[in-house]
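Engineer: In our numbering, the protein residues as written are 367 to 731.
Beta carbons are placed, not taken as given, at the ideal position from N, Cα and C, and that holds for glycine.
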Ligand code: NAD
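#1: Pick from 486, 485, 475, 479: whose alpha carbon is nearest that of residue 506?
#2: Give the DSSP bridge partners of residue 701, in chain order.
#3: Specify, as a first and last residue, the run of the beta strand (DSSP E) that residue 590 falls within.
#4: Let me know if residue 727 comes out buried or exposed under the rule of 16 or more other beta-carbons within 10 Å of its beta-carbon.
#5: Which value, in whole angstroms, describes the spacing of the CA atoms of residue 653 and residue 548?
#6: With a 10 Å radius around its C-beta and 16 neighbouring C-beta atoms as the bar for buried, classify residue 644 as buried or exposed.
#7: Just checking my contact of residue 429 with residue 407 at CB under 8 Å: how many whole Å lie between their CB atoms?
#8: Give me the DSSP bridge partner(s) of residue 474.
#9: Considering residue 529, what are the terminal residues of the beta strand (DSSP E) in which it resides?
#10: Between which two residues does the beta strand (DSSP E) carrying residue 439 extend?
#11: Please list the terminal residues of the continuous beta strand (DSSP E) segment that includes residue 369.
#12: At which residues does the beta strand (DSSP E) containing residue 405 begin and terminate?
#13: How far does the beta strand (DSSP E) with residue 560 in it reach, from first residue to last?
#14: Taking the alpha carbon of residue 411 as the reference point, which residue from 616, 651, 592 has its own alpha carbon closest?
#15: Return helix, strand or coil for residue 648, following the three-state DSSP convention.
#16: At what residues does the alpha helix (DSSP H) containing residue 389 begin and finish?
#17: Let me check understanding here. Comparing Cα to Cα, which of 483, 480, 425, 491 lies closest to residue 464?
#18: Shortest alpha-carbon distance to residue 550 belongs to which of 565, 489, 582?
#19: Roughly how many whole angstroms lie between the Cα atoms of residue 490 and residue 478?
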């Protein structure tokens, strides 16, 4: 098969880490016989420099016409007046919101995985959660509190602020379907997180998720209140497979889950819509402090490429191969500086990409 992949390296370390992920995709093509054609696009600060705006309509149209989009990161040093002395809608990060909206992506998928090889990086390693865990958080991205009406007015002489939380059943159904589909490719367990003891929107959420669950009898569904979930994530993260939740709860829980892994350079993400087109990117930023030094960890971007293979191209076997090769290289003790510890071999960005590309030839396909 032939697939069109849009590559958006972005700013800072973006070009370095996307370059390594492309090496991996090239190796997948070589091993599998599929053909990947790439279109390199500008977004963020580099697009501001070239076109005066962080995302042009032409770039968005090209991204839309591809089968999947792989993004590095955008943004410069905070306080860089060249990109930041303008209205928020013209700053590098505005490109991110615009592309997610333009591609109609409503589901944010963030795995938080503590690999046994990196268990020492977990800030909770001495507590009960020191065991390896592997969670995916499915966060609704385009509805809820962040997209309701917001206003501040004076009522009875007091400044009063109102934020409205709205969900309709269709918005809930489409992300629930995505969560059950993802769970089917994993350990077949969805925990739907809400605040149904207080909020009407949560009660609707719970009933729609229960309806969707009937179509997936092979997947176990549990409900959990968000306050309990925040606690359980710290106490026993190993109990979770897929956590399905609304926008604001997901914003908070996905940051909590990623922090308990302790390694920002390792965490991939995907934003999905109702079709197969998705946007894949590491959860970290453009790390301008280390840009150009060949020290950035490319693994979050390489694992994002694995998600791209699995969720947009349905190449599950190839995604597994990439993930197993990453494990293999970590098992062999190779580390970029951000995850290095005593007794391990320190390697550069490009060396890490080469090691994983080589490991793919040794793994069973
Ligand atoms: P950051 O994630 O870029 O960096 C935080 C720290 O983690 C830095 O010390 C950095 O060196 C380190 N780090 C990040 N990724 C790494 C990697 N792959 N390997 C090794 N070390 C890594 O966050 P920040 O410093 O707050 O933001 C820098 C810029 O990135 C800002 O302009 C910000 O707006 C932007 N940003 C972009 C995205 C995105 O494109 N999705 C997300 C977050 C921040």
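Structural biologist: So, to answer that:
#1: The residue you call residue 506 lines up with position 140 of the chain shown. Cα-wise, what sits closest to residue 506 is 475.
#2: The residue given as residue 701 occupies position 335 in the chain shown. Bridge partners of residue 701: 712.
#3: As a position in the chain shown, residue 590 is number 224, starting the count at 1. Element bounds for residue 590: 586-591.
#4: On the chain shown, residue 727 is found 361 positions in, with the first residue counted as 1. Residue 727 comes out exposed.
#5: In the chain shown, the residue the question calls residue 653 occupies position 287. In the chain shown, the residue the question calls residue 548 occupies position 182. Roughly 30 Å separates the two Cα atoms.
#6: Here residue 644 corresponds to residue number 278 of the chain shown, with the count starting at 1. With 16 or more Cβ atoms within 10 Å of its Cβ, residue 644 is classed as buried.
#7: One-based indexing of the chain shown puts residue 429 at position 63. One-based indexing of the chain shown puts residue 407 at position 41. Rounded, the Cβ-Cβ distance is 6 Å, consistent with contact.
#8: Sequence index remark: in the chain shown, residue 474 carries index 108 (1-based). Beta-bridge pairing links residue 474 to 505, 637.
#9: Along the chain shown, read from residue 1 onward, the residue named residue 529 stands at position 163. 524-529 is the extent of the beta strand (DSSP E) around residue 529.
#10: Taking the chain shown and counting its residues from 1, one reaches residue 439 at position 73. Unbroken beta strand (DSSP E) run through residue 439: 434-439.
#11: In the chain shown, counting from the first residue as 1, residue 369 sits at position 3. That run of the beta strand (DSSP E) goes 368-376.
#12: As a position in the chain shown, residue 405 is number 39, starting the count at 1. If you look at residue 405, you'll find it in the beta strand (DSSP E) that goes 401-406.
#13: Looking up residue 560 in the chain shown gives position 194. Residues 555-560.
#14: Residue 411 sits at position 45 when you count from the first residue of the chain shown. Comparing Cα positions, the closest option is 651.
#15: Position 282 of the chain shown holds residue 648. Three-state DSSP puts residue 648 in a strand.
#16: Within the chain shown, numbered from 1, the residue matching residue 389 stands at position 23. That run of the alpha helix (DSSP H) goes 380-398.
#17: Within the chain shown, residue 464 is the residue found at index 98, counting from 1. The candidate whose alpha carbon is nearest that of residue 464 is 425.
#18: Start at 1 with the first residue of the chain shown, and residue 550 comes out as number 184. Nearest option by C-alpha distance: 582.
#19: One-based indexing of the chain shown puts residue 490 at position 124. One-based indexing of the chain shown puts residue 478 at position 112. Answer to the nearest angstrom: the Cα atoms are 14 Å apart.
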